[in-house]
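First the structure, in the form of structure tokens, and then the observations on it.
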Amino acid sequence: MSLSRIYSLPGAVLAAAYLAGYVLLDWVSFIDPFAPFGITPWNPPTGLSFVLVLLFGQRYVPLLFVAPLLADLTVRHLPLPWGAEIMTVTVIGGGYGIGLVTLLQPRLRFNPTLASMRDLLLLLAVAGVSAAAVSLLYAAVTVQAGLMPLADLPAAAVRYWIGDMIGIAIVAPFGLILLTRGRALRLSLESALQVAATLATLAVVFLFAVRPHAQLFYLLFLPVIWMAVRGGLEAVASGVLLTQLGLIAGLHLLPGEEIDVTGVQALMLVLAMTGLIAGALVTQHRRTELQLRLHQESLARLARLGSMGELATAIAHEINQPLSAAGTYTRLVTETLGDDPRHRPVREIAEKAAGQVQRAADVVRRLRALIRLDQSGRAPVAVALMVRETIDLMHPELDRHGVAAAVRLDPDVPLVLVDLLQIEQVLINLVRNAVEAMDAAGTTQGRLVIAACRRDDMVEITVADSGPGFPPDLPAPEVATFASTKPDGLGFGLSLCRSIVEQHGGRLVIERPDRGAVVRFTVPIAKGAE
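Residue numbering for the sequence shown follows UniProt numbering, beginning at 1 and increasing consecutively.
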């Protein structure tokens with residue numbers, strides 16, 4: 001099943017798949033339980049909960065309360081009394097639900113594709129705090145219910161915290177990368193060798209798995225670091241998952257007394273954190289190199305286009321001469337014909353021709369101003385006027401592709417000081433990009449929303465669509481590259497829009513929400529219009 005189909009599955013199907021996956025992962029990882037109620041060394045179901053909420057939204061948070069109860073009923077056969085069970089389920093669902101809702105707050109700007117080191121660290125930080133609260137409260141509930149002595153509370157809480165952190169650090173990055181980028185470990189000869197090295201190392205570790213030789217666990221760092229250095233975060237996320245699955249399989253096969261599971265638990269957490277951070281650093285370094293290379297290519301192309309302003313001036317000068325002559329000739333024809341009624345149709349045609357000549361001259365002049373980003377044409381303009389004219393110009397294209405356009409303007413939006421032609425060109429570019437993206441993705445009944453609101457001394461204009469959104473590897477417009485996702489695109493649409501907006505003193509940013517794409521830009525408020 002393709003990823004687009006996964007996102008379009010009904011909520012009930014996603015919920016059922018999550019609950020089944022949660023119970024399955026809990027059953028697979030139910031090894032060496034601590035105390036009768038079963039705190040296990042690895043808790044991968046918690047990582048699955050993070051994937052569900054971060055990718056499919058907060059509406060699935062209630063399932064975080066249902067899944068632990070279902071797992072306790074099917075895997076552990078309800079080890080706690082009903083009162084304590086309800087309290088522990090509430091602790092797990094509430095603790096992780098609050099953490100995930102916090103992580104999804106817009107002010108944190110968390111990107112579930114884990115596009116940067118910041119996103120990975122945010123995920124691990126929220127996971128660490130949430131797991132600490134859940135583990136401590138879970139252990140406290142078991143102590144309060146008389147199921148565990150108070151002296152065991154610190155050990156139980158630490159073991160629970162490490163187990164949940166391992167599950168989140170391994171399953172969540174793998175799931176997020178797989179479902180947002182469409183791939184994890186790339187299939188190649190090198191990746192096959194990395195998998196073979198991991199399996200061979202696991203065999204060596206378990207061959208000498210008695211406690212005096214537990215230090216051989218550190219051999220697992222070699223294939224993990226290899227994956228991180230060569231493949232970045234995508235590869236190492238698969239590597240640590242493979243390592244954990246191998247450890248779980250090994251512990252199922254070996255008698256429990258032959259290996260220190262608690263020590264391996266701590267080592268696995270260190271291995272996962274080290275591998276993920278190393279992989280994120282490599283991925284971020286490669287992305288920086290790519291952006292630098294694109295920037296250099298952009299500068300090279302800009303150098304070739306550096307004389308565009310002068311070329312536009314020269315062309316305008318050459319065109320203006322024949323246009324002026326044509327305008328003079330048409331006016332002479334009009335004057336020669338005079339008011340003779342017999343020549344009225346010819347006179348009307350000559351007057352129309354003169355008007356079109358003047359319009360052509362105006363277009364050439366405004367084109368030169370657009371290329372040079374001239375500021376002389378700026379004047380107070382109503383945002384509603386710009387948006388209405390943009391919708392009118394794009395109306396045939398919107399109808400042809402079946403896209404419904406909506407306008408949402410705050411009633412207190414003041415006049416803005418802009419060049420009407422230039423800002424309308426920005427809006428036209430953004431609307432056309434949205435329509436073409438929705439059409440290319442096969443989106444039926446697409447929707448486009450143009451909104452505007454006041455932001456301090458600026459007006460923020462937003463263009464949002466229901467299309468497939470920006471690809472994760474598309475550089476932000478701040479990089480000023482000529483990047484294009486269209487096979488016939490020139491690649492300077494967003495860069496030109498950014499240049500126009502910044503010349504007006506504003507800022508243009510792109511956003512990648514869960515659905516569709518959003519582009520926001522600001523323009524200054526006209527003085528006296530506040």
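Built from N, CA and C at the ideal position, the CB exists for glycine as well.
Check: Coarse secondary structure for M148, derived from DSSP in three states; Outcome: coil
Check: Spatial neighbours of Q244 in its chain, beta-carbon cut-off 8 Å, leaving aside the 5 residues before and after; Outcome: W42, P44, I166, I170, M268, A272
Check: Residue ranges of each alpha helix (DSSP H) within the region 82 to 147, 4 or longer; Outcome: 82 to 103, 117 to 144
Check: Span of the alpha helix (DSSP H), counted from its first residue to its last, around R181; Outcome: 153 to 181
Check: Identity of the residue in I277, L241, E234, W27 nearest L120 by Cα; Outcome: I277
Check: C-beta contact flag for V518 and V459 at 9 Å; Outcome: no
Check: Residue(s) in a DSSP beta bridge with M458; Outcome: R455, P524
Check: Nearest candidate by alpha-carbon position, reference Q58, set L104, A16, V204, D362; Outcome: L104
Check: Euclidean distance between Cα positions of R331 and L421; Outcome: 28 Å
Check: Outcome for L222 when other beta-carbon atoms lying within 10 angstroms are tallied against a minimum of 16; Outcome: exposed
Check: Neighbour-count burial assignment, I349, 16 or more Cβ in a 10 Å radius; Outcome: exposed
Check: Span separating the alpha-carbon of R118 from that of P396; Outcome: 43 Å
Check: Secondary structure of L24, DSSP reduced to three states; Outcome: helix
Check: Cα-Cα separation between A480 and P380, rounded to whole angstroms; Outcome: With a pLDDT of 41 at A480, under the threshold of 50, the modelled position of this residue cannot be trusted; read the value that follows with caution. Computed Cα separation, rounded: 28 Å.
Check: Exposure of Q194, with buried meaning 16 or more beta-carbon neighbours within 10 Å; Outcome: buried
Check: Segment limits, beta strand (DSSP E) that includes V53; Outcome: First-last for V53: 44 to 56, but that is the alpha helix (DSSP H), not the beta strand (DSSP E).
Check: Strand pairing of L290, partner residues [DSSP]; Outcome: Partner(s): none; L290 has no beta bridge.
Check: Nearest residue (CA-CA) to L178, options V501, D410, A235; Outcome: A235
Check: Residue 574 versus S238, D72, A127, A451, residue with shortest Cα-Cα distance; Outcome: Lying outside 1 to 530, the shown extent of the chain, residue 574 is not represented and no answer is given.
Check: Identity of the residues DSSP links to E511 by a beta bridge; Outcome: V518
Check: G83 versus L108: straight-line alpha-carbon distance, rounded; Outcome: 36 Å
Check: Exposure label - A151; buried when at least 16 CB within 10 Å; Outcome: exposed
Check: Reference V51, options I162, A15, L73, closest by Cα; Outcome: A15
Check: Proximity of Q425 and I500 at Cβ, strictly below 9 Å; Outcome: yes
Check: Given L219 as reference, the closest of V205, P341, Q321, W226 once Cα atoms are compared; Outcome: V205
Check: Exposure label - S238; buried when at least 16 CB within 10 Å; Outcome: buried
Check: Candidates I86, P468, D457: closest to D439 by CA position; Outcome: P468
Check: Length-filtered (3 minimum) beta strand (DSSP E) runs lying within the region 228 to 257; Outcome: none
Check: Chain-order list of residues whose beta-carbon lies under 7 Å from that of V418 (same chain, five-residue window excluded); Outcome: R378, V381, H504, V523
Check: Separation of L55 from D514, as counted between CA atoms; Outcome: 7 Å
Check: Rounded separation between G506 and I423 - CA only; Outcome: 11 Å
Check: Beta-carbon proximity check, T88 vs P68, cutoff 9 Å; Outcome: yes
Check: Counted within 10 angstroms of its Cβ, other Cβ atoms place P106 as buried (16 or more) or exposed; Outcome: exposed
Check: V75 beta carbon less than 9 Å from that of G99; Outcome: no
Check: 7 Å Cβ shell around A266 - same chain, five flanking residues per side excluded; Outcome: I162
Check: Contiguous beta strand (DSSP E) assignments of at least 3 residues, all confined to the region 332 to 409; Outcome: 379 to 381, 404 to 409
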